[in-house]
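Step one of this worksheet: look at the structure below.
Residue numbers (the UniProt record's numbering): 1 to 338.
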């Protein structure tokens, strides 16, 4: 009733039948749920009020509504475009081709106070390991740039890894994880699955596919948990890949529980249909590892990531044991056969 009165008062054209799919897609983005649509008459009236100058005839069709949404995105997209330019001009280093050990593309949502639109962009997470006492250094936390939820996600990730490896002794490696070229506070656990994959890559010395970005939280059992801002995250990485030319190997990994939140742009959906871009939905981090590292986490009759890590740990432990002789007796080690 309120929308009807508002339409009469503002002399708004009624929606044409083909306008509803466009409106519903935007409504899903607004609510963040495919099964939930907004009932706010002011929100509905705003869409048609902005589209009314573009309408031809007595009704507001899909073409006018789509054009209005595109113009709104252009008006509100200045910051997103500037951030994309920084990446395309290689001032922010994000790779979308090739492989790197201990480096992965995570997905972030950027929100500025007073800015009308949140936008997504890829973030480069790196991990390096070295001989040490088993400490996992969260550089963001030590620099006081990481929040409590981020720290919790890091500890959960470490707990999963230690539980899976089932070591009888302390791990002989130390690791450092950080968001590269990040100079502001970082919080949330939506990158914990990406951090875990980067850590596994560094421990196993197996490279990560840079064609793929990943988002999602992880629990102590390795299960992928849903996160927010999914549409913006996917579209942010797609925009970079599209500018650099799609090669058919690029895509994003998301938690399966997030599929119900998808409401993506038409050009992205078209790229998925043409198999130029892929969206993988996973239930567990072990489902994501073969896509990113081309090796399974665990299994029989094949080389696995767990086996590779355990072999590196055994080798490092053996070398460390050799160096523990008292220094006057170390010269005798030269005469001990290997």
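Just so you know, even glycine gets a beta-carbon here, dropped at the ideal spot from N, CA and C. Please read all numbers here as calculations on a predicted model, not as lab measurements.
query: Contact under 8 Å by Cβ, residue 129 with residue 218; result: no
query: With 16 other Cβ atoms within 10 Å as the buried cut-off, status of residue 297; result: buried
query: Residues near residue 329 by beta carbon distance below 6 Å, same chain, minus five either side; result: Low confidence applies to residue 329: its pLDDT is 47, below 50, so where it sits in the model is not reliable, and the reading given next is rough at best. If we look at residue 329 and ignore the five residues flanking it on each side, it has no Cβ neighbours.
query: Length of the line joining the Cα atoms of residue 274 and residue 25; result: 21 Å
query: C-alpha distance - residue 118 paired with residue 257, whole-angstrom precision; result: 22 Å
query: Opposing strand residues paired with residue 208 [DSSP bridges]; result: 100
query: First and last residue of the uninterrupted beta strand (DSSP E) at residue 130; result: 119-131
query: Nearest-angstrom beta carbon gap, residue 104 and residue 194 [assumed within contact, 8 Å]; result: 5 Å
query: Environment of residue 138 [buried if 16+ CB atoms lie within 10 Å]; result: buried
query: Environment of residue 1 [buried if 16+ CB atoms lie within 10 Å]; result: In this prediction, residue 1 has a pLDDT of 44, which is less than 50 and means its spatial position is unreliable; what the coordinates show is noted afterwards. Exposed: under 16 other Cβ atoms inside 10 Å.
query: Residue closest to residue 152, alpha-carbon to alpha-carbon, out of 192, 174 and 179; result: 192
query: Sequence ranges, beta strand (DSSP E) only - wholly within the segment 231-280, length at least 3; result: 251-255
query: Environment of residue 319 [buried if 16+ CB atoms lie within 10 Å]; result: exposed
query: Residue 40, DSSP secondary structure in three states; result: coil
query: Contact the segment 232-245 vs the segment 261-268: 3+ CB pairs below 8 Å; result: yes
query: Extent of the continuous beta strand (DSSP E) to which residue 178 belongs; result: 173-179
query: Residue 138 - DSSP class collapsed to helix/strand/coil; result: strand
query: Member of 32, 33, 232 and 37 whose CA lies at the smallest distance from the CA of residue 20; result: 37
query: Residues sharing a beta bridge with residue 213, DSSP; result: 105 and 252
query: Segment contact, 8 Å Cβ cut-off, at least three pairs: the segment 94-112 with the segment 57-67; result: no
query: C-alpha gap between residue 165 and residue 302, whole angstroms; result: 17 Å
query: Assigned exposure category for residue 327 - 16 Cβ within 10 Å defines buried; result: Here the model assigns residue 327 a pLDDT of 48, short of 50, so the residue's position is not dependable and the matter cannot be decided.
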